[in-house]
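What follows is a single structure, written as structure tokens, with notes after it.
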Amino acid sequence: MDIHEYQAKELLATQGIRMPRGGLAYSPEQAAYRAAEIGGEAWVVKAQIHSGARGKAGGIILCRSEKEVEEAAEKLLGRKLVTHQTGPSGKLVNRLYIEETVDIEREIYLGFVLDRKFERIMIVASSQGGMEIEEIAEKEPDSLVRCVVDPGVGMLEFQAREIAFGLGLEGKLIGKAVQTILGCYRVFRDYDAGMLEINPLVVARDDIFALDCKMSFDENAIFRRPEISELRDKSQEDPRETFASDRGLSYVGLDGNIGCIINGAGLAMATMDMIKIAGGDPANFLDIGGGASPERVAKSFRAVLQDEKVEVILVNIFAGINRCDWVAEGVVKALQEVGVNVPLVVRLSGTKVEEGKAILAQKAPDVIVADTLKEAAEHAVAEWKKSGKAAA
């Protein structure tokens, strides 16, 4: 789960991390009022969307009067901002963050991420801030400073000092950097974050400020972080994924036309690969999990059919904990209640497979039943091509 820049800064502020003064605005008039409230001679108007590279897309505008702030807000609000991270559809701007400017002396990159290989929190920093970490790694690899935190001990002060020294900071900035790094670590740890990135972290006025911040969180831990779940902005999410997640389904939207309902992430990935080999494109990743009831299967159909591009649905179940007769009953329930108006291919294997096939033969004779994954994928692609839209 991602949150907005201003929300991430509010979390960082709880640990005393410095940042420019700012305020949230939902209208041009409110933006101008925020600028007057903040004071000063220049402000930055920032579009609040779940994406980086906002500046390159025109989502960050420097203004030197309250009138310019109002005009910038008028320009940004209600607009879809397209960056290389949002895809061509972009993301809607419905709130702005108005922030005072600072005279930047140096820009630094600071990032915290879970390293799954080492099962540790990895801190990555660079003296070359202001550009994306991939770009830094490519153009300035020698500027990168890395530190791994042992979860049994936590981050220690000497580790933060080593990072500060590695960034070339001197004098009292060392102590300020240590406070900032340790504060970021505590926020990352205490809120079950998956990623925290300050880019840039700047030196200004003999102090260190977080100019921009991104955070994302482990959705599996959100249940114990109600204060974080309240920060969720569904307008920034793929509506298909929002619909599925609200119903407890693991779903990722893709760009194809063949909807997938699978149990198990590994089998789902294999199924999508097989669809590609057969000449088609999957519309989604959807793992219904083990022990899926008929009601859960019906919910999965509703989630897949939220995508108007779906022209065929492929159900692939290998039942261990699950049962094929439950899944078959769910398919029948979906056909009766959801209104599945696209071709449906079902492949069942494992526990109660014969019972499942019998239910489909008796109650859903129009369903195409396949015995193998390869056969199921080929049937799904063939049905998609029959629709005549594949060539288009």
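Residue 1 is where the sequence shown starts when you use UniProt numbering, and the numbers rise one by one after that.
For every residue, glycine included, the Cβ atom is placed at its ideal position computed from N, Cα and C.
All figures in this text were calculated on a predicted structure; none of them were measured in a lab.
- With contacts defined by Cβ atoms closer than 9 Å, A73 and V45 form a contacting pair.
- With 16 or more other Cβ atoms from the protein chains shown falling within 10 Å of its own Cβ, L96 counts as buried.
- Note: D2 is bridge-paired with S216 in the DSSP secondary-structure output.
- Straight-line measurement puts the Cα of G339 at about 25 Å from the Cα of L373.
- For the pair V315 and A283, the CB atoms are not nearer than the 9 Å cut-off.
- Proximity of the segment 209 to 224 to the segment 345 to 352 falls short of the contact definition, fewer than three beta-carbon pairs being nearer than 8 Å.
- The Cβ atoms of I38 and G59 do not sit closer than 9 Å to each other.
- A residue is called buried once 16 or more other Cβ atoms fall within 10 Å of its Cβ, and F301 is buried on that count.
- The Cβ atoms of G111 and L196 lie closer than 9 Å to each other.
- In the DSSP assignment, P151 is bridged to no other residue.
- In the DSSP annotation of this structure, the continuous segment of the beta strand (DSSP E) that includes R347 starts and ends at L344 to G350.
- Shown here, D142 sits in a helix according to DSSP, grouped into three states.
- Only residues of its own chain outside the window of five on either side were considered, and among them R120 have a CB closer than 8 Å to the CB of D150, listed in chain order.
- A Cβ-Cβ distance of about 19 Å is found for the pair E105 and V178, leaving them out of contact under the 8 Å criterion.
- Counting only runs of at least 4 residues, the segment 169 to 201 fully encloses the following alpha helix (DSSP H) elements, listed from N- to C-terminal order: 172 to 190.
- CA-to-CA, the gap between D366 and I313 works out to about 13 Å.
- S89 sits away from K75, with the two beta carbons spaced by 9 Å or more.
- Taking L77 as reference, the option from L92, Q85 and E132 with the minimal CA-CA separation is L92.
- Uninterrupted beta strand (DSSP E) stretches at least 3 residues long and entirely within the segment 281 to 351 occur at 284 to 287, 312 to 319 and 344 to 350, given in chain order.
- Between the segment 123 to 137 and the segment 157 to 170, the count of Cβ pairs shorter than 8 Å is three or higher; the stretches touch.
- Only residues of its own chain outside the window of five on either side were considered, and among them V187 have a CB closer than 6 Å to the CB of L11, listed in chain order.
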